[in-house]
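Below you can see the structure in the form of structure tokens.
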């Protein structure tokens, strides 16, 4: 859902490709944007004021290093398992070879709350339901935006380890997101 069309769900490509980018490969590096620097970085400073979006999800994953190359994936979501919205930024990029207009997005991150911190030092910005309209509101000032970019309350979240099979998109099976011990 974008600030331009807040009443409509749309399919966007994850990995922001700014409209001015010459090459789409930049999108692979821009899946996340640090909320602390979003007003300064050239790729984000216009978008934070003009092109905000909601990225709907039921959970997210982080990998905890276990030593060596081994990592344990964790599924993190709300205790209620309700859908929620990440704070995102979007843009449209014109492919010079095909002329195709490619809508893309990035997810804003913040410091991890105390639930996520043992796994990773960052987490996506999750908006409270009553903050979602404000995030999409045209004309919102910088201070109002900054106040929304804080860690989600850990008391409303849950986390559990899942199978390493989540590491591959080829593994399309609901059993891989069940808790493992």
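Residue numbers (this note's numbering): 47 to 227.
For each residue, glycine too, the CB sits at the ideal point set by N, CA and C.
Since the structure is predicted, the reported quantities are computational estimates derived from the model, not experimental observations.
Residue i: first and last residue of the uninterrupted alpha helix (DSSP H) it sits in
{"i": "residue 165", "result": "No alpha helix (DSSP H) holds residue 165; DSSP gives it neither H nor E."}
{"i": "residue 182", "result": "178-182"}
{"i": "residue 189", "result": "188-194"}
Residue j beta carbon less than 9 angstroms from that of residue i
{"i": "residue 203", "j": "residue 162", "result": "yes"}
{"i": "residue 109", "j": "residue 119", "result": "yes"}
{"i": "residue 131", "j": "residue 76", "result": "no"}
{"i": "residue 226", "j": "residue 208", "result": "yes"}
{"i": "residue 112", "j": "residue 133", "result": "no"}
{"i": "residue 64", "j": "residue 137", "result": "yes"}
{"i": "residue 135", "j": "residue 84", "result": "yes"}
{"i": "residue 156", "j": "residue 62", "result": "no"}
{"i": "residue 139", "j": "residue 79", "result": "no"}
{"i": "residue 56", "j": "residue 164", "result": "no"}
Range of the contiguous beta strand (DSSP E) that encloses residue i
{"i": "residue 203", "result": "203-207"}
{"i": "residue 158", "result": "It is not in any beta strand (DSSP E) - residue 158 carries neither H nor E in the DSSP assignment."}
{"i": "residue 78", "result": "78-80"}
Distance between beta carbons of residue j and residue i, contact taken as under 8 angstroms
{"i": "residue 192", "j": "residue 181", "result": "No, residue 192 and residue 181 are not in contact; Cβ-Cβ is about 12 angstroms, not under 8 angstroms."}
{"i": "residue 102", "j": "residue 129", "result": "6 angstroms"}
{"i": "residue 223", "j": "residue 121", "result": "6 angstroms"}
- Entirely within the segment 90-147 and at least 4 residues each: give me those alpha helix (DSSP H) ranges in chain order. 93-96
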